[in-house]
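Q: These protein sequence lines are chains A and B, in that order.
For the first sequence, numbering that gives the first Met the number 0 gives the first residue as 0, with consecutive numbering after it.
For the second sequence, numbering that gives the first Met the number 0 gives the first residue as 0, with consecutive numbering after it.
For every residue, glycine included, the Cβ atom is placed at its ideal position computed from N, Cα and C.
Before I ask anything, here is the structure I am working with.
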Amino acid sequence: MAKVKVATIWLEGCSGCHMSFLDIDEAIIDLANAVEFTRTPITDIKEFPEVDVGIVEGSVGNTEEEETLKELRAHCKILMAWGDCACFGGVCAMRSSLDKEDVLRRGYIETESTHEGKIPGPPGVPALLDQVKPVNHVVKVDCFVPGCPPEPKAILYGLSELLAGRIPVLPSEMMRFD
Amino acid sequence: MKEIILTIDGKQVKGKEGDTVLEVCQTNNIDVPTLCHLKGLTDVGACRMCVVEIEKERRPVPACTYPARDGLVVQTKNEKLEKYRRLVLELMFTERNHLCAQCVASGDCELQSLAYKYQMDNARYPYSWPPLPLDSAHDYLVIDHNRCILCGRCIRTCDQMVGVHTLDFGYRGWKDVVVADLNQPLGKSTCISCGACFQACPTGAIFSKRSAYKGKRPESQEITTVCPICGIGCGIKAFVKNNMLIRIDSPDSSQNNGLLCYMGRFGPLSQEHPRVKTPMVRNSSGKLEPCSMNEALDIVAKKLSQFKAHNGSSSIAGVASGQASSQALKAFKELITGALDSKFLDSLDGDQYRAVIKGISAFQDKADLSTETPLEDIFKSDCILLAGANPFKSHPVAGSYIVRAVRQNKAKLIVFDPTQNVLPDYTTVWLKPKKGKETLALNSLAKSMGGSPVKDAAMIGISQKELTEAAKILGKAKRSIVVYGEGILQQQNAGLITALYKLAAVSGSKTGVISLKSKGNSRSAWDMGIANSSVSVINDLAQNSIKALYLLLADDYTEAKELLALPRGLDFLVVQSSYLPPLVQKADVVLPSPIWTEVGGNYTTLDGVPVSASRLINPPDGVKADWEIISEISGRLK
């Protein structure tokens, strides 16, 4: 049987979800036999091939993240969201109730260790969106694994269900937002 | 109450006429999710989590406000309802800034638990991300509007349970928020800091600074016991993790009607004063220095034996705080009056006791405190006379009892106090006698009940009209209760106590009197005869040639001026205390007391009910129970 092709992206987030994925212990051996990882932050491949499953960690907070997410959506059959940032906005969304300009000024100019700071912007650095969005507010998402980060067993559950041909919905006892 | 039969989820179940559908479900163990509902409060149907389908109703209705009736056919679980409930949760999560990973309540949150239960793994609605403030200037509580779902549980608790009604909704619609008073910071409002709103909050919108990030209730050990601090004897549910008290709640149903106060709920969660952790002895250069418990006990026993042998038993005195446990008081009495054979045993509030007893004996033959009435009789009375007390400060739960009696039972409240009335909204008449004229005022009131006009109204500071109004209320009462507090007790005036008893006797066919005593275990100390001394020991040390004084403060932090004036001619002062009040600096030997949470003990409530407080955490290393220390000294006397 051909391996299931998977691509993962890491948007606005801490990479904790990918760490939690690497934390699935020996299950990763069986998974490697069934799955081919293409573009991921771990393989460091930059191109998007056509894949069966796209996985996204992190929320959408700037124009580049928005574009990357849309590109993944265009190249995958099923899109799965990992973690609170992707599912709800998470820690990154703390800035959403603040004014974007205030956030940039505080971060790049007013920080105590900054001397003569300057707010960067395009083309060098992508522009911030006014508010941070969960991924399903930008593209269609097929399944969600919340948690900050999701427990390895929740991540494994999501992948196993997909491999078994089902769209995973985390059972209540696996649900975590922290 | 008439029994009714309903069909819920296809099963026939019984309910009572007047129940809501939710109440019938709960009595029949049918699980219906709730958020804005809280037992003991009126239901408002605000959150829509408890929606159920009812035959012939066109749309789902909230079970908490729908009256149950005979023959009703109810569906509490199906796909449509699950979908509705999830939708309600998604709306709540997107309305404000619910960021579980950073929230103090995560893992101990009703909103989050329901989101897990209904597998809410994303929210489809646009997030509002409103910029909302946080009020953290209160001593114990923080209101974080970001986490508020506007269920109103805190507001209804503050109003209906506590009776203070500090909290309410402010603004309208989209801008609706919980506010204190007319939108004051909570710390500057009429809040009495009882923390009932914190316990009522289903999310992290109201949290306690003293519990935050210490641990979650589901992960800690739960101990149900009694709080001995003020003497009401409220039931408490304490949560302990790694020998740390993380939170104290009120149990759902107990003698305190679901109430607690700032002392019981927050006091034990952190140490408000520096502790005495080791015994200390004054060295040859006059400085207090730490020593072993064995050394300290030896010195105390040796010194006390010497005083007894050389100066006689009457050169030794013992004074105990009414905050000490009954075991400690008993051991102390045995040491002072037994082993040391001294007649000088007293409590810090002994003068108050002697005035009360003298006052009662002028009124009736049986002059002891068994004549006092249970505090909960407030709920059975149609007339309450509150004399010289600020219950919200000294005994907050009693204050709530009074408000609830006024509101629920339509009891009339007469406040008798020259300076303060903390319950102005609930008071029918506030009698404001001139200071020093209280006895006269009470006697005049009793007289005017007999119909005789009062000539000296101007002299006592109360108008004829007010006196007549109060007399009318008292005269009409079927059952009245007199509650008096420190404003009366501190005067140590037997005549005033007699006047209160006399007034109670003529108001209503069934009457009672209860005093709000100054210390949590005063009643036990008094009943035990600790304050039966014929003299006021602490005030008359010199007149009685007392040379050695043993002061048992236990966990009572006191800066009373008669203690600060010590040593006043003493040759030897032993202080046994949990804390380091300035007085400790004057002691020759300091012995460490545990705090009640570290040992537990027996106590007697202010209305005479024996209660037992459990140990919740371990004391600091080497600190022993007060009674153990005292018994050891007794054993070492020569």
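What's the C-alpha gap between B:Tyr547 and B:Phe206?
A: Working through the second sequence from its first residue, we reach residue 547 of chain B at position 548. Working through the second sequence from its first residue, we reach residue 206 of chain B at position 207. One detail in the question is off: residue 547 of chain B reads as Ala in this sequence, not Tyr. So the alpha carbons of these two residues sit roughly 48 angstroms apart.
Q: Between which residues of its own chain and B:Leu412 is the CB-CB distance below 7 angstroms, once the five residues before and five after are set aside?
A: Along the second sequence, read from residue 1 onward, the residue named residue 412 of chain B stands at position 413. Excluding sequence neighbours, B:Leu412 sits near Ile383, Leu385, Ile401, Val405, Leu422, Tyr425, Thr426 and Thr427.
Q: By how many angstroms is the C-alpha of B:Ile247 removed from the C-alpha of B:Ile235?
A: Sequence index remark: in the second sequence, residue 235 of chain B carries index 236 (1-based). Sequence index remark: in the second sequence, residue 247 of chain B carries index 248 (1-based). Cα to Cα, B:Ile235 sits roughly 7 angstroms from B:Ile247.
Q: Check whether the Cβ atoms of A:Met93 and B:Gln111 lie closer than 8 angstroms to each other.
A: By 1-based counting over the first sequence, the position of residue 93 of chain A is 94. By 1-based counting over the second sequence, the position of residue 111 of chain B is 112. In this structure, B:Gln111 does not lie closer than 8 angstroms to A:Met93 by Cβ.
Q: Would you say the beta carbon of B:Ser506 is closer than 7 angstroms to some non-hydrogen atom of the ligand ZN?
A: The ligand content of the structure shown is nil, which means the ligand ZN is not present either.
Q: At 9 angstroms on the CB atoms, spell out the chain B contacts of A:Asn135, in chain order.
A: In the first sequence, counting from the first residue as 1, residue 135 of chain A sits at position 136. Residues of chain B passing the Cβ test: Asn121, Ala122 and Arg123.
Q: Comparing alpha-carbon positions, which option in B:Cys150, B:Ala104 and B:Leu131 lies nearest B:Met91?
A: To locate residue 91 of chain B, count along the second sequence from 1; it is residue 92. Of B:Cys150, B:Ala104 and B:Leu131, the residue nearest in Cα terms is B:Cys150.
Q: Taking only the alpha-carbon atoms, compute the straight-line gap between B:Arg353 and B:Ala366 and give it to the nearest angstrom.
A: Counted from its first residue, the second sequence places residue 353 of chain B at position 354. Counted from its first residue, the second sequence places residue 366 of chain B at position 367. Answer to the nearest angstrom: the Cα atoms are 11 angstroms apart.
Q: Mind pulling the chain B residues with CB within less than 9 angstroms of A:Ala92?
A: On the first sequence, position 93 is the one that residue 92 of chain A refers to. By Cβ distance, chain B contributes Asn96, Leu98, Tyr126 and Trp128.
Q: Helix or strand or just coil, what does DSSP make of A:Val138?
A: The residue labelled residue 138 of chain A in the question sits at position 139 within the first sequence. A:Val138: coil per DSSP, three-state reduction.
Q: Relative to the alpha-carbon of B:Lys379, which residue among B:Ala476, B:Pro129, B:Thr19 and B:Ser577 has its alpha-carbon at the smallest distance?
A: Position 380 of the second sequence, counted from the first residue, corresponds to residue 379 of chain B. Among B:Ala476, B:Pro129, B:Thr19 and B:Ser577, the Cα nearest to that of B:Lys379 is on B:Ala476.
Q: Using the three-state DSSP reduction, which class does B:Ile235 fall into: helix, strand or coil?
A: As a first step, residue 235 of chain B is located in the second sequence; it is residue number 236 there, counting from the start. Strand at B:Ile235.
Q: Which residues in the same chain as B:Asp134 place their Cβ atom closer than 6 angstroms to its Cβ, once the five residues preceding and following it in sequence are excluded?
A: Locating residue 134 of chain B in the second sequence gives position 135, where the first residue counts as 1. Excluding residues within five positions, the ones whose Cβ falls inside 6 angstroms are Ile142, Pro184 and Leu185.
Q: Mark B:Leu166 as exposed unless 16 or more other C-beta atoms lie within 10 angstroms of its C-beta, in which case mark it buried.
A: On the second sequence, residue 166 of chain B is found 167 positions in, with the first residue counted as 1. Flag for B:Leu166 reads buried.
Q: Whose Cβ in chain A lies nearer than 7 angstroms to the Cβ of B:Lys116?
A: Residue numbering aside, residue 116 of chain B sits at position 117 when the second sequence is read from its first letter. Simply Ser171.
Q: Closest to B:Ser360 by CA distance: which of B:Arg209, B:Leu303, B:Pro566 and B:Thr497 is it?
A: In the second sequence, the residue the question calls residue 360 of chain B occupies position 361. Taking only the C-alpha atoms, the option nearest B:Ser360 is B:Thr497.
Q: Would you call A:Val18 buried or exposed, if buried means 16 or more other Cβ atoms sit within 10 Å of its Cβ?
A: The count along the first sequence starts at 1 and reaches residue 18 of chain A at position 19. Per the sequence presented here, residue 18 of chain A reads as Met, with Val not at that position. Classification for A:Met18: exposed.
Q: What are the uninterrupted segments assigned as alpha helix (DSSP H) that are 4 or more residues long and contained completely in the stretch 2 to 38 of chain B, given in chain order?
A: You should have 20 to 26.
Q: Just tell me which of A:Val144, A:Ser112 and A:Glu25 has its CA closest to the CA of A:Met79.
A: Taking the first sequence and counting its residues from 1, one reaches residue 79 of chain A at position 80. Considering only alpha carbons, the answer is A:Val144.
Q: Curious, which full-length alpha helix (DSSP H) runs of at least 4 residues does the stretch 578 to 612 of chain B contain?
A: With a minimum length of 4 residues, the continuous alpha helix (DSSP H) runs that stay inside the stretch 578 to 612 of chain B are 595 to 598.
Q: Just tell me which of B:Tyr126, B:Ser533, B:Asp18 and B:Pro32 has its CA closest to the CA of B:Asp350.
A: On the second sequence, position 351 is the one that residue 350 of chain B refers to. The candidate whose alpha carbon is nearest that of B:Asp350 is B:Ser533.
Q: May I ask you to list the residues that DSSP assigns as paired with B:Gln463?
A: Indexing the second sequence from 1 puts residue 463 of chain B at position 464. For B:Gln463, which the question treats as bridged, DSSP gives no partner whatsoever.
Q: Report all residues from its chain with a CB closer than 6 angstroms to the CB of A:Lys132; omit the five preceding and five following residues, and keep chain order.
A: Numbered from its first residue, the first sequence carries residue 132 of chain A at position 133. So the list reads Val59, once near-sequence residues are dropped.
Q: Quick one: Cα of B:Thr418 to Cα of B:Gly494, how far?
A: Reading the second sequence from its first residue, position 419 is the one you call residue 418 of chain B. Reading the second sequence from its first residue, position 495 is the one you call residue 494 of chain B. Looking at the two C-alpha atoms, the distance is approximately 20 angstroms.
Q: Assess contact between the stretch 186 to 193 of chain B and the stretch 257 to 272 of chain B, defined as three or more Cβ pairs (one per stretch) separated by less than 8 angstroms. Is contact present?
A: Cβ pair count under 8 angstroms is three or more, so yes.
Q: Taking one C-beta from the stretch 329 to 349 of chain B and one from the stretch 195 to 202 of chain B each time, how about it: are there three or more such pairs within less than 8 angstroms?
A: No contact exists between the stretch 329 to 349 of chain B and the stretch 195 to 202 of chain B.
Q: I'd like to check one pair, A:Lys69 with A:Glu35: are the Cβ atoms closer than 8 angstroms?
A: Taking the first sequence and counting its residues from 1, one reaches residue 35 of chain A at position 36. Taking the first sequence and counting its residues from 1, one reaches residue 69 of chain A at position 70. Result no, Cβ atoms of A:Glu35 and A:Lys69 do not sit closer than 8 angstroms.
Q: Determine the direct distance from the alpha carbon of A:Asn61 to that of B:Val31, and round the result to whole angstroms.
A: Along the second sequence, read from residue 1 onward, the residue named residue 31 of chain B stands at position 32. Along the first sequence, read from residue 1 onward, the residue named residue 61 of chain A stands at position 62. One C-alpha to the other measures close to 42 angstroms.
Q: Along the chain, where does the alpha helix (DSSP H) that runs through A:Asp83 open and close?
A: Start at 1 with the first residue of the first sequence, and residue 83 of chain A comes out as number 84. Element bounds for A:Asp83: Gly82 to Phe87.
Q: State the CB to CB distance for the pair B:Ile228 and B:Leu374, rounded to an integer number of angstroms; the pair is presumed to be in contact (CB under 8 angstroms).
A: Looking up residue 228 of chain B in the second sequence gives position 229. Looking up residue 374 of chain B in the second sequence gives position 375. Incorrect: roughly 15 angstroms between the Cβ atoms, too far for contact.
Q: Between B:Leu140 and B:Arg209, what straight-line distance do the alpha-carbon atoms span, to the nearest angstrom?
A: Against the second sequence, residue 140 of chain B aligns to sequence position 141. Against the second sequence, residue 209 of chain B aligns to sequence position 210. Spanning the two alpha carbons is a distance of roughly 8 angstroms.
Q: Just curious, the alpha helix (DSSP H) that B:Asn293 is in, first and last residue?
A: Reading the second sequence from its first residue, position 294 is the one you call residue 293 of chain B. Met292 to Asn310 is the extent of the alpha helix (DSSP H) around B:Asn293.
Q: Around the C-beta of B:Pro61, are 16 or more other C-beta atoms found within 10 angstroms, so that it is buried, or is it exposed?
A: Locating residue 61 of chain B in the second sequence gives position 62, counting from the first residue. B:Pro61 comes out buried.
Q: Which of the three DSSP states, helix, strand or coil, is assigned to A:Ile23?
A: The residue labelled residue 23 of chain A in the question sits at position 24 within the first sequence. Note: A:Ile23 maps to coil in three-state DSSP.
Q: With distance defined between alpha-carbon atoms, name the residue in B:Gln407, B:Lys446, B:Cys63 and B:Asp175 nearest to B:Val51.
A: Reading the second sequence from its first residue, position 52 is the one you call residue 51 of chain B. The shortest C-alpha separation from B:Val51 is found at B:Cys63.
Q: If I measure Cβ to Cβ from B:Gly230 and keep anything under 6 angstroms in the same chain, skipping five residues before and after, which residues do I get?
A: On the second sequence, position 231 is the one that residue 230 of chain B refers to. Answer for B:Gly230: Lys516, Gly519, Thr604 and Leu605, listed in chain order.
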